[in-house]
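Under our numbering, residue 134 is the last one in the sequence shown; the count climbs by one each step, no gaps.
Positions of the beta carbon are idealized from the N, C-alpha and C atoms, including for glycine.
Worksheet: the structure to be examined is printed underneath.
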Amino acid sequence: MTRRRRQFSPKFKEEAVRMVLEGDRTVASVAREFDINASTLGSWVNRHRFASAQQEERPPVAGPDRARIRELERENAELREKLIFLKNAAAFFASETR
37 MTRRRRQFSP KFKEEAVRMV LEGDRTVASV AREFDINAST LGSWVNRHRF
87 ASAQQEERPP VAGPDRARIR ELERENAELR EKLIFLKNAA AFFASETR
């Protein structure tokens, strides 16, 4: 028989991570309390710390810069579509010449 992989809700993960970060408890003790593997909880904590650090590093974007970013994102998406089209066209013509 194979064991079915357990699924955890985002709310469950947040609560477990919060208990580790806000309290003076170790990852292992919280993991035992929640009946989960300590390495699993440790990876959730690391992911949370990384995501929090990423958010803190980004300064808020001002109005004119925000418009410019949207314009560049739109242009980037358009160029990606053109690149895909050109790759497909090149593959088509390369297969025709063989």
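Beta-carbon proximity check, V63 vs A74, cutoff 7 Å:
yes
DSSP on D60, reduced to helix/strand/coil?
coil
Local Cβ density within 10 Å of L77, reported as buried at 16 or more and exposed below that:
buried
By how many angstroms is the C-alpha of Q90 removed from the C-alpha of K49?
19 Å
In angstroms with no decimal places, state the Cα-to-Cα distance between F86 and R39.
31 Å
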